[in-house]
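The structure appears right after this line, and notes come after that.
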Amino acid sequence: MNKILTVILSLLFIAPTWAQDNTWRKSPELDALIVELKQHYASDDLFAIDKRSMTQVDNLSFFIQYIDKPDTPEYKLLKAYLWGVQQTHIDSNYQQIQTNVVPWFCPKGGPLPAFSRNADNPTQFIENLIWETLEIDIQRRPNNLPKGKGMFKPMSGLIRYGLQIKYPCYDKVPQAHRVGSWAY
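Take the sequence shown: its letters are residues -19 to -1, 1 to 165, numbered as in mature numbering (1 follows the signal peptide of the UniProt record, and there is no 0).
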C-alpha cells in the first residue's frame, strides 16, 4: 500500500512538468526585434514588393504579423501552412531514414516525433524552431533582419536552416548543403 501511495504522490509532483507550456521563451533581443519588425511592417515606407511579400503565408513578415492574432483568418491560414510544412519535414525525414538515405538534417535518436492535429498547439514544434532560429540568427548576425531584405525572407529557407543547425548531420555543414545566405 505504501508503495502505491508513493508512486501516486510522485506522479502528482511530476505531472506539472508534463503539463508545462512548451512555447518558446523569447529573449529580450528577440522581443525587441519583433517590435521593430512590426513597426517597420506597419510603416508607409515599404516598396510594393515588400507589401506583396507581407500577404504571402510563406513569408517571415506574415508569420511575425499574424502568429499572435488567433482571431484572424490570416492566423488560421498561417497555422495550416505551418502544419503542412511541419508534417512534410517530419514525414520526409522519416522516409529518408527508413530508406537508408542520408538525410540533410539528423535528429538525435532517429526521426522527428509526430504530432497530433488534436494537440493544444499542433504546430508548436515548427513555431519553436522558427523562434529558435531567429534567436540564433540574432546572435550570429545582429543587424541582419532589422535592415534590408532579411525581414522579408521566405519561411522555407528559414525552416530548412533551422533544422540544419538544430539537428546537424556534420560538425560543419558543407558549403553545398547550406541554405541561402544564412550564417553557419
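Note that beta-carbon positions come from the ideal geometry of N, C-alpha and C, so glycine has one too.
With 16 other Cβ atoms within 10 Å as the buried cut-off, status of residue i
| i | result |
| --- | --- |
| P51 | exposed |
| F43 | buried |
| V66 | buried |
| I30 | exposed |
| K134 | buried |
| Q120 | exposed |
| Q20 | exposed |
| S97 | exposed |
Expected contact under 8 Å - CB spacing of residue i and residue j to nearest Å
| i | j | result |
| --- | --- | --- |
| I140 | I107 | 7 Å |
| Y142 | W163 | 4 Å |
| residue 167 | W64 | Any property of residue 167 remains undetermined from this structure, which presents the chain solely from -19 to 165. |
| N74 | P88 | 7 Å |
Opposing strand residues paired with residue i [DSSP bridges]
| i | result |
| --- | --- |
| P135 | N40 |
Validate contact between the stretch 151 to 162 and the stretch 48 to 62 using beta carbons, cut 8 Å, 3 pairs: Inter-segment contact for the stretch 151 to 162 and the stretch 48 to 62 is absent: fewer than three beta-carbon pairs are separated by less than 8 Å.
Sequence ranges, alpha helix (DSSP H) only - wholly within the stretch 91 to 131, length at least 4: 105 to 121
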